[in-house]
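Chemist:
Number of protein chains: 2
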Amino acid sequence: MLLGNAGLVLCVEYYNEDGVSIMWVTTGLDDPDKPTILLWLSNPKSKPRPRRAFVIARLDKQSHKIIVDLATHAILSDKVYNGHGYPLLTYEEQLGTMELPQTYKPFIESIERRGLNLSEVVCSTFTIGWFGELKSKRVLKVLCFYVDGPMNLYVRPVEGITLVVDIDEMKIVEYYDMFIVPVPKAEETEYKESKLESPFGPRLNGATLVNLDGLGFKIHGHTVRGFISEMFVPYMDPSEEWYYKSYFDSGEYGFGLFAVSLKHFADCPANAVFLDAYFSTNDGTPAKLSNAFFIFENHAGNIMWHHTESSIPRKVFTEVRPEVSLVVRMVATVGNYDYIIDWEFKPSGSIKLGVGISGVLEMKGVTYTHIDQIKKNVHGTLLLENTISVYHDHFLTYYLDLDVDGKANSFVKNNLEAIKKQAELVAVNPNKKTNVGNNVGYRLIPGSVAHPLMSYNDYLQIRGAFTNNHVWVTPYNKSEKWAGGLYVDQSHGDDTLAIWTLRNRKIENKDMVLWYTIGFHHVPSQEDFPVMPTFGVGFELRPTSFFDSNPVLKTRPPYIVHWPNCTN
Amino acid sequence: MLLGNAGLVLCVEYYNEDGVSIMWVTTGLDDPDKPTILLWLSNPKSKPRPRRAFVIARLDKQSHKIIVDLATHAILSDKVYNGHGYPLLTYEEQLGTMELPQTYKPFIESIERRGLNLSEVVCSTFTIGWFGELKSKRVLKVLCFYVDGPMNLYVRPVEGITLVVDIDEMKIVEYYDMFIVPVPKAEETEYKESKLESPFGPRLNGATLVNLDGLGFKIHGHTVRGFISEMFVPYMDPSEEWYYKSYFDSGEYGFGLFAVSLKHFADCPANAVFLDAYFSTNDGTPAKLSNAFFIFENHAGNIMWHHTESSIPRKVFTEVRPEVSLVVRMVATVGNYDYIIDWEFKPSGSIKLGVGISGVLEMKGVTYTHIDQIKKNVHGTLLLENTISVYHDHFLTYYLDLDVDGKANSFVKNNLEAIKKQAELVAVNPNKKTNVGNNVGYRLIPGSVAHPLMSYNDYLQIRGAFTNNHVWVTPYNKSEKWAGGLYVDQSHGDDTLAIWTLRNRKIENKDMVLWYTIGFHHVPSQEDFPVMPTFGVGFELRPTSFFDSNPVLKTRPPYIVHWPNCTN
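Protein sequence lines, in the order shown, are assigned to chains A and B. Numbering-wise (the UniProt record's numbering), the first sequence opens with residue 1 and increments by one. Numbering-wise (the UniProt record's numbering), the second sequence opens with residue 1 and increments by one.
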């Protein structure tokens with residue numbers, strides 16, 4: 001679950017005519033049609049046919065979209081994509097690109113001119129976006145950082161140098177060395193525990209959960225599914241070095257591909273159970289990521305429901321049930337930011353979708369050491385001498401293929417109207433009623449909403465137009481999965497959710513998809529540096545006359561587990 | 001902490017000239033002036049003088065506001081209040097009022113006419129509000145319920161009967177029996193565990209926290225402070241029996257006075273520590289409420305910060321710190337609703353203020369048994385046969401006397417502006433700077449905001465005008481504490497936050513108060529019945545360049561406590 005452009009493992013050999021193996025960019029599941037899936041769900045013995053994989057591959061500077069039959073290993077279709085944009089970047093491509101400057105003479109000279117040690121320079125890749133150019137190549141910009149000190153890539157940018165790399169050719173095609181500003185000293189920015197020096201902060205108290213009943217859930221296979229359709233991070237600095245920085249973390253990089261192995265007792269409580277994940281690499285072979293997901297029962301001390309009856313004289317009583325919810329978590333680190341993705345399933349039927357944003361800021365080196373020196377708009381916060389963090393937004397767009405008690409659903413805007421009007425949004429099944437006749441439904445409870453700050457005509461926002469609204473509803477369409485399109489790198493915004501909805505298709509009483517965007521304007525503060533305390537955002541899907549009455553009324557409370565006598 | 005109109009205990013004998021003891025309505029702390037408090041905080045040995053109590057008492061149908069010196073037992077001032085509105089209702093007054101109908105002949109006949117058993121009828125009190133009347137008396141409306149069955153007061157309203165009681169005289173002054181509709185059968189609405197019958201839901205798994213290091217916090221006395229200034233619950237049914245229903249839970253009833261004793265292992269996790277509270281009763285004597293607050297370390301499995309450094313070749317590592325936060329909780333049950341009030345203090349300096357809404361709905365008995373029978377607007381949701389729950393809002397207004405690194409603060413609206421404009425709100429101290437010169441500050445991170453639906457000219461909204469904005473900032477003024485005013489029962493809205501701010505006082509570089517209102521439009525769903533799964537809302541105060549850098553960077557992670565060998 002939650003894996004972005006990733007999924008099952010494909011073992012098909014595939015070469016071009018010259019015997020050159022092709023670069024696998026995306027290997028994923030080609031979902032069967034909905035009726036086939038539903039038939040299979042109703043009768044698990046009827047294995048869905050055909051089982052197919054979906055592959056995007058690069059060959060001879062062209063993007064191929066390939067469908068493979070997994071039973072027969074046959075290629076069912078192979079189409080060259082001629083539209084705008086490129087498929088996501090593979091890890092191997094980025095690693096190759098990062099290493100090019102180390103042997104590039106002009107770059108070596110630039111580093112010497114700055115008095116830096118080449119072996120301590122690490123470069124990183126940045127997508128170039130699209131700003132109206134008529135022609136494009138599959139290129140990346142490369143910026144570099146100094147790691148002679150804290151193991152924190154982004155805090156010590158080597159400003160002024162930009163390389164452009166053609167990744168199909170894997171060679172440097174443009175080089176600029178425009179100005180020199182000091183590399184921030186970045187003192188006290190180490191965050192690796194083994195390198196931290198005293199004085200330390202307090203040690204947090206440890207605790208473990210003792211679950212004498214055993215766990216309250218079981219895992220069979222890998223059947224939980226769902227994903228972040230796109231994640232758009234526009235930065236708002238118009239300078240030459242920063243204007244193009246806007247990341248589509250799913251479409252350009254493959255959000256789920258950057259899932260990281262989780263650490264027991266740190267990323268999760270003591271009672272967590274882990275699942276591994278598998279990815280396909282550049283050449284199509286599978287790679288295993290251990291502990292990619294963890295699943296745990298949340299005994300956080302929340303209250304499922306509570307009532308004290310104090311209005312009936314001489315019969316005062318309190319009834320209360322503690323909540324034990326199920327959390328499924330993954331963490332994806334896409335470059336500098338770490339996204340903690342939680343799906344919390346409550347016994348009441350509520351589903352809370354949370355994102356914790358942590359990690360490190362992307363920095364800009366400047367000459368300023370105090371804000372009193374700053375006379376013009378620097379589009380960011382001065383965090384430490386020579387170090388600015390640029391304002392930006394985070395938009396996470398969820399794809400939620402809702403089936404509320406069946407496929408045919410409607411989306412209802414309940415207008416709450418006395419004098420003023422406000423709306424609440426409910427997905428209902430107009431064909432299914434509760435005992436007293438209400439349509440069964442699930443309500444969307446939005447979190448704090450941030451809207452895009454850019455004009456709809458801004459090139460960045462044209463490509464990120466799926467964030468123009470924080471809620472969209474579309475009829476289910478197998479090909480509409482990635483809000484920013486399938487070929488996002490350098491895309492022109494002509495294959496986004498905002499374009500698909502222009503068709504204004506009927507969504508009443510249909511199989512529909514709810515797209516919800518979590519937004520967060522990030523005005524960095526000094527606390528976010530050198531590593532950012534988790535900032536939590538989210539939303540909730542809550543049953544709304546889906547059940548005839550409180551579904552946890554008769555859920556029995558846990559037996560009380562008293563403080564046991566323990567030896568460690 | 002968190003206690004509304006309640007506080008310390010006063011033991012002063014006070015009689016009128018006839019020797020009749022007076023009714024104590026409110027006994028609270030008369031805060032010393034801010035300079036006195038600050039002096040005392042900087043030097044705890046300098047005991048603040050004078051230590052004073054603030055009393056509102058009723059005597060001869062008049063409201064007295066009395067200041068008492070606790071050292072000398074002297075009355076420092078005693079003023080009769082001649083403005084609009086009355087002080088809050090005491091528990092004893094409400095209990096007395098509820099019992100009056102049982103011996104009132106017309107009421108007994110009404111109950112017989114409905115074929116009901118008088119001994120199973122329980123009445124409850126309802127404030128009458130203000131709808132433009134020029135004169136008023138201190139009266140309550142009384143509505144009754146049938147408890148021959150589930151112990152759930154509000155599910156079985158005896159519709160059509162309204163009594164009006166003069167509570168100074170403690171007698172019935174008006175009586176209406178207008179129509180008869182069936183008392184809802186309310187089948188399957190029992191929620192008391194001992195009375196629930198099979199089939200049961202699953203039993204949740206138990207767990208206990210084993211904290212081998214002991215607890216990570218200590219409690220000295222009762223020094224945590226803060227409160228909900230007002231809580232406004234307007235219902236939106238214009239019918240004769242419901243139009244007046246709008247509750248000011250603090251000013252009319254005394255929100256904190258309805259704090260309930262918390263249950264270990266149900267209202268809180270195993271590692272909670274409890275504190276008691278004391279209230280003054282009608283005659284001024286103290287009453288103890290056991291386990292009114294609990295304080296616990298939250299080991300919920302949250303992540304304090306996380307970063308995986310994957311951009312430096314051959315040096316990939318993950319650093320992560322689990323979060324252990326401190327939660328202070330109380331639950332207040334004001335009639336049918338139970339409010340779980342959480343203050344969560346994070347090691348990073350963030351303060352999360354959460355409210356969980358649970359309890360039972362207020363019901364309206366109707367003739368309908370299915371929504372197909374409903375042809376006109378019923379202003380509510382049909383939950384079960386003969387049972388409607390009326391639409392309403394919940395507004396909780398927090399009073400936050402912020403002192404960001406000192407008293408003199410400013411409130412900054414950071415306009416985020418590219419083409420479109422959005423604001424973020426930060427309380428800063430313009431006199432204190434970080435190492436690089438940013439003003440130290442705390443940011444307000446609002447939760448989902450619901451605005452009032454009523455016209456500003458509606459009588460209800462005139463009284464609840466402090467909800468017209470969800471954020472207000474005022475200069476600190478000792479007398480401005482309760483957003484709805486001090487005499488809220490039947491108030492005319494002439495002593496609310498919305499009136500105080502008309503003076504448009506300077507708030508820049510001042511000791512200021514932030515008022516934040518959490519709002520929630522409650523369109524009841526069948527799941528909310530017969531008892532409502534907790535609905536969570538809240539907001540966050542997050543340090544914003546208050547610290548020079550991440551304050552939890554060097555907080556050391558807990559020692560790992562492995563699953564111990566335990567005997568129960």
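Positions of the beta carbon are idealized from the N, C-alpha and C atoms, including for glycine.
1) Pop quiz: THR474 of chain B and THR501 of chain B are said to be a contact at Cβ under 8 Å. What is the actual Cβ separation, rounded to whole angstroms?
2) With H, G and I counted as helix, E and B as strand and the rest as coil, what does DSSP make of ILE108 of chain A?
3) So which residues on chain B does PHE317 of chain A lean against when the C-beta distance must stay under 8 Å?
4) Please classify SER42 of chain B as buried or exposed, where buried requires at least 16 neighbouring CB atoms within 10 angstroms.
5) Apart from the five residues just before and just after CYS123 of chain B, which ones in its own chain have a Cβ nearer than 6 Å to its Cβ?
6) So, does the stretch 313–331 of chain A touch the stretch 278–294 of chain A, judging by three or more C-beta pairs under 8 Å?
7) Name the residues in the stretch 203–218 of chain B whose C-beta lies less than 9 Å from a C-beta of chain D; which are they?
8) Starting from the Cα of THR162 of chain A, find the closest Cα among A:ALA259, A:PHE107 and A:ILE499 and give me that residue.
9) Can the beta-carbon of residue 583 of chain A be found less than 7 Å from the beta-carbon of GLN490 of chain A?
10) Name the chain A residues whose beta carbon is nearer than 9 Å to that of ILE340 of chain B?
11) Just how far apart, CA to CA, sit ILE371 of chain A and PHE535 of chain B?
12) Could you tell me which residues DSSP pairs with LYS79 of chain A in its beta bridges?
13) Just to confirm my understanding: we take TYR86 of chain B, look at its own chain, exclude 5 residues before and 5 after, and list those with CB closer than 7 Å. What are they?
14) Please confirm if GLU70 of chain B has its CB atom under 7 Å from at least one CB of chain A.
15) Got a sec: is the Cβ-Cβ distance from PHE200 of chain B to anything in chain A below 7 Å?
16) Taking 7 Å as the CB-CB cut-off, is THR367 of chain A touching chain B?
17) Any contact between the stretch 536–552 of chain A and the stretch 443–458 of chain A? By contact I mean 3 or more CB pairs, one from each, below 8 Å.
18) Rounding to the nearest angstrom, what Cα-Cα distance links VAL273 of chain A and VAL531 of chain B in this structure?
19) Please classify TYR456 of chain B as buried or exposed, where buried requires at least 16 other C-beta atoms within 10 Å of its C-beta.
20) Is DSSP giving LEU89 of chain A helix, strand or coil here?
21) Anyone know if the C-beta pair for PRO234 of chain A and ASP393 of chain A falls short of 7 Å?
22) Mind checking whether PHE395 of chain B and PHE232 of chain B have CB atoms under 7 Å apart?
23) Do PHE466 of chain A and THR496 of chain A have their CB atoms nearer than 7 Å?
24) Using a Cβ-Cβ cut-off of 7 Å, state whether CYS268 of chain B counts as contacting chain A.
25) Which value, in whole angstroms, describes the spacing of the CA atoms of GLY132 of chain B and GLU240 of chain B?
26) For LYS218 of chain B, is the classification buried or exposed, using 16 other Cβ atoms within 10 angstroms of its Cβ as the cut-off for buried?
27) Have a look at ARG203 of chain A and PRO557 of chain B and give me their C-alpha separation to the nearest angstrom.
28) Straight-line CA distance for TYR398 of chain A to GLU109 of chain A?
29) Take residue 575 of chain A and list the residues in its own chain whose beta-carbon comes closer than 7 Å to its own, dropping the five residues that flank it on each side.
30) Consult DSSP for TRP482 of chain B and reduce its assignment to one of helix, strand or coil.
31) Strictly below 8 Å CB to CB, what residues from chain B border SER545 of chain A?
32) Kindly say whether GLU309 of chain A, judged by its beta-carbon, lies nearer than 7 Å to any beta-carbon of chain B.
33) Which residue marks the beginning of the beta strand (DSSP E) containing LYS34 of chain A, and which one marks its end?
34) Taking the alpha-carbon positions, what's the GLY464 of chain B to LEU118 of chain B distance?
35) Alpha carbon to alpha carbon, how far is LYS245 of chain A from LEU453 of chain A? Give it in angstroms, no decimals.
36) Answer yes or no: does any C-beta atom of chain A fall closer than 7 Å to that of GLY437 of chain B?
Modeler: Once the coordinates are examined:
1) Reading the second sequence from its first residue, position 474 is the one you call residue 474 of chain B. Reading the second sequence from its first residue, position 501 is the one you call residue 501 of chain B. Sure, about 6 Å apart at Cβ, within 8 Å.
2) What you label residue 108 of chain A is simply residue 108 of the first sequence in a count that begins at 1. Of the three classes helix, strand and coil, the one that applies to ILE108 of chain A here is helix, per DSSP.
3) As a working mapping, residue 317 of chain A is identified with position 317 in the first sequence. At a C-beta separation below 8 Å, PHE317 of chain A has these neighbours in chain B: MET151 and LYS192.
4) Residue numbering aside, residue 42 of chain B sits at position 42 when the second sequence is read from its first letter. Exposed, because fewer than 16 other Cβ atoms sit within 10 Å of the Cβ of SER42 of chain B.
5) Residue 123 of chain B sits at position 123 when you count from the first residue of the second sequence. Result list for CYS123 of chain B: MET98, PRO101, VAL142 and CYS144, in chain order.
6) yes
7) Protein chains in the displayed structure are A and B, and chain D is not among them.
8) Counting from one through the first sequence, the residue named residue 162 of chain A turns up at place 162. For THR162 of chain A, the nearest C-alpha among the options comes from A:PHE107.
9) Because chain A spans 1 through 568 in this model, residue 583 of chain A falls outside it and cannot be assessed.
10) Counting from 1 along the second sequence, the entry for residue 340 of chain B is found at position 340. Here the neighbours are ASN302, ILE303 and HIS306.
11) For the purposes of this step, residue 371 of chain A is taken as residue 371 along the first sequence, with counting starting at 1. For the purposes of this step, residue 535 of chain B is taken as residue 535 along the second sequence, with counting starting at 1. ILE371 of chain A and PHE535 of chain B: Cα-Cα distance of roughly 43 Å.
12) Translated into positions along the first sequence, residue 79 of chain A becomes position 79. Answer by DSSP bridge pairing, in chain order: A:LYS65.
13) What you label residue 86 of chain B is simply residue 86 of the second sequence in a count that begins at 1. Around TYR86 of chain B: SER63, ARG138, TYR487, ASP489 and GLN490.
14) Residue mapping note: residue 70 of chain B aligns to position 70 of the second sequence, counting from 1. Reading off the sequence shown, one finds Leu at residue 70 of chain B, where the question assumed Glu. It does not; no Cβ of chain A falls within 7 Å.
15) Counting from 1 along the second sequence, the entry for residue 200 of chain B is found at position 200. It does; some Cβ of chain A falls within 7 Å.
16) In the first sequence, residue 367 of chain A corresponds to position 367, counting from 1. THR367 of chain A is outside the set of residues whose beta carbon lies under 7 Å from a beta carbon in chain B.
17) yes
18) Here residue 273 of chain A refers to the residue found at position 273 when the first sequence is read from its first residue. Here residue 531 of chain B refers to the residue found at position 531 when the second sequence is read from its first residue. When rounded, the distance between both Cα atoms is 33 Å.
19) To locate residue 456 of chain B, count along the second sequence from 1; it is residue 456. It counts as exposed.
20) Start at 1 with the first residue of the first sequence, and residue 89 of chain A comes out as number 89. In this structure, LEU89 of chain A counts as coil in the three-state DSSP scheme.
21) On the first sequence, residue 234 of chain A is found 234 positions in, with the first residue counted as 1. On the first sequence, residue 393 of chain A is found 393 positions in, with the first residue counted as 1. Yes, the pair counts as a contact, with Cβ atoms nearer than the cut-off.
22) Locating residue 395 of chain B in the second sequence gives position 395, where the first residue counts as 1. Locating residue 232 of chain B in the second sequence gives position 232, where the first residue counts as 1. In this structure, PHE232 of chain B lies closer than 7 Å to PHE395 of chain B by Cβ.
23) The residue given as residue 466 of chain A occupies position 466 in the first sequence. The residue given as residue 496 of chain A occupies position 496 in the first sequence. Result yes, Cβ atoms of PHE466 of chain A and THR496 of chain A sit closer than 7 Å.
24) Numbered from 1 along the second sequence, position 268 holds the residue referred to as residue 268 of chain B. Cβ-Cβ to chain A under 7 Å: yes for CYS268 of chain B.
25) Numbered from its first residue, the second sequence carries residue 132 of chain B at position 132. Numbered from its first residue, the second sequence carries residue 240 of chain B at position 240. Rounded to whole angstroms, GLY132 of chain B to GLU240 of chain B spans 16 Å at the Cα level.
26) Within the second sequence, numbered from 1, the residue matching residue 218 of chain B stands at position 218. The residue is exposed, with fewer than 16 neighbouring Cβ atoms inside 10 Å.
27) Counted from its first residue, the first sequence places residue 203 of chain A at position 203. Counted from its first residue, the second sequence places residue 557 of chain B at position 557. Those two C-alpha atoms are separated by around 6 Å.
28) Reading the first sequence from its first residue, position 398 is the one you call residue 398 of chain A. Reading the first sequence from its first residue, position 109 is the one you call residue 109 of chain A. Between TYR398 of chain A and GLU109 of chain A, the C-alpha separation is close to 46 Å.
29) No statement about residue 575 of chain A is possible, as the shown extent of chain A runs from 1 to 568 and does not include it.
30) For this step, residue 482 of chain B is matched to residue 482 along the second sequence. In this structure, TRP482 of chain B counts as coil in the three-state DSSP scheme.
31) On the first sequence, residue 545 of chain A is found 545 positions in, with the first residue counted as 1. Neighbours of SER545 of chain A on chain B, chain order: THR381, SER525, GLN526 and GLU527.
32) Locating residue 309 of chain A in the first sequence gives position 309, counting from the first residue. So, interface residue.
33) As a position in the first sequence, residue 34 of chain A is number 34, starting the count at 1. Per DSSP, LYS34 of chain A belongs to no beta strand (DSSP E); it is in the alpha helix (DSSP H), 34–42.
34) One-based indexing of the second sequence puts residue 464 of chain B at position 464. One-based indexing of the second sequence puts residue 118 of chain B at position 118. Each residue's Cα considered, the two are about 37 Å apart.
35) As a position in the first sequence, residue 453 of chain A is number 453, starting the count at 1. As a position in the first sequence, residue 245 of chain A is number 245, starting the count at 1. Using only the alpha carbons, I get a separation of about 15 Å.
36) Against the second sequence, residue 437 of chain B aligns to sequence position 437. Chain A, which has a Cβ nearer than 7 Å to the Cβ of GLY437 of chain B, makes this yes.
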